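Under full-length UniProt numbering, the residues of the sequence shown are numbered 1 to 180, in order.
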Amino acid sequence: LVESAIMVPIKVTEINSEERHAMLSEFIKSIAFKRQQITKVFQKGDEVEVASQVYGFIGSYYDATIVYPIGAYHYKIKYKTLLTDDESGPLEEMVSAAVIRPVPPHQDKTMSENGFRLYDMVDVFANDGWWFGFISGKIGEEYYVYFPTTADNIAYPRHLLRYHQEWANGKWIYLPKTRN
Numbered sequence: 001l002v003e004s005a006i007m008v009p010i011k012v013t014e015i016n017s018e019e020r021h022a023m024l025s026e027f028i029k030s031i032a033f034k035r036q037q038i039t040k041v042f043q044k045g046d047e048v049e050v051a052s053q054v055y056g057f058i059g060s061y062y063d064a065t066i067v068y069p070i071g072a073y074h075y076k077i078k079y080k081t082l083l084t085d086d087e088s089g090p091l092e093e094m095v096s097a098a099v100i101r102p103v104p105p106h107q108d109k110t111m112s113e114n115g116f117r118l119y120d121m122v123d124v125f126a127n128d129g130w131w132f133g134f135i136s137g138k139i140g141e142e143y144y145v146y147f148p149t150t151a152d153n154i155a156y157p158r159h160l161l162r163y164h165q166e167w168a169n170g171k172w173i174y175l176p177k178t179r180n
């Protein structure tokens with residue numbers, strides 16, 4: 001059996017998938033541009049994710065460690081995957097508490113082993129961080145993820161994806177997924 005190079009959408013049950021695509025795009029943009037509620041005080045050594053506020057990187061989170069708190073609303077952090085301009089070591093910077101969240105809990109491996117479905121909201125590990133998008137199709141073992149903040153649609157292997165979760169009111173919640 002030879003696979004076609006044409007993207008095959010995953011089982012679509014909606015009458016108008018274009019409307020669903022547009023609705024999810026707007027929803028994801030609204031989440032990507034919001035700031036976290038400050039519901040947790042972090043301590044030196046805490047593992048966190050830091051939201052980028054840089055144009056072109058909105059909607060991405062980067063793994064970091066708290067170096068120390070600065071007053072009540074800022075932290076000095078050290079990134080795990082981002083380097084200084086001269087690449088001599090991990091990038092450290094001061095960031096607002098509003099762009100920091102705890103690292104999401106590990107997901108049950110069977111969740112992603114069962115596969116993702118069309119319009120499932122996911123994070124993809126790419127370019128040193130986690131990027132928020134939704135499943136737009138699948139070819140073979142690769143899932144296409146659409147990123148509304150950049151308008152890119154890119155294929156990734158399953159092991160680079162996780163279901164998206166939001167930090168809200170001091171706890172992790174899964175965003176709605178398409179499940180029949």
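Beta carbons are placed, not taken as given, at the ideal position from N, Cα and C, and that holds for glycine. None of the values given here were measured: they were computed from a predicted structure.
- In the three-state reduction of the DSSP assignment, His-74 falls in the strand class.
- Here Tyr-68 is not near Ala-97, since their CB atoms are 8 angstroms or more apart.
- Distance from the CA atom of Trp-130 to the CA atom of Arg-162, rounded to whole angstroms, is 9 angstroms.
- Counting only residues of its own chain and dropping the five nearest sequence neighbours on each side, Phe-125 has a CB closer than 6 angstroms to the CB of Leu-160.
- Pro-104 has no beta-bridge partner at all, per DSSP.
- Going by DSSP, Asp-128 is part of no beta strand (DSSP E) at all; its letter is neither H nor E.
- The beta carbon of Met-121 is closer than 6 angstroms to those of Phe-134, His-164, Leu-175 in its chain, skipping five residues each way along the sequence.
- Excluding the 5 residues flanking it on each side, Pro-90 has same chain C-beta neighbours closer than 6 angstroms at Lys-78, Tyr-79, in chain order.
- A residue is called buried when at least 16 other Cβ atoms come within 10 angstroms of its Cβ; Ser-60 meets this threshold and is buried.
- The alpha-carbon separation between Ser-52 and Thr-84 amounts to approximately 16 angstroms.
- Comparing C-alpha distances from Thr-81 to each of Glu-92, Asp-46, Ala-72 shows the shortest one belongs to Glu-92.
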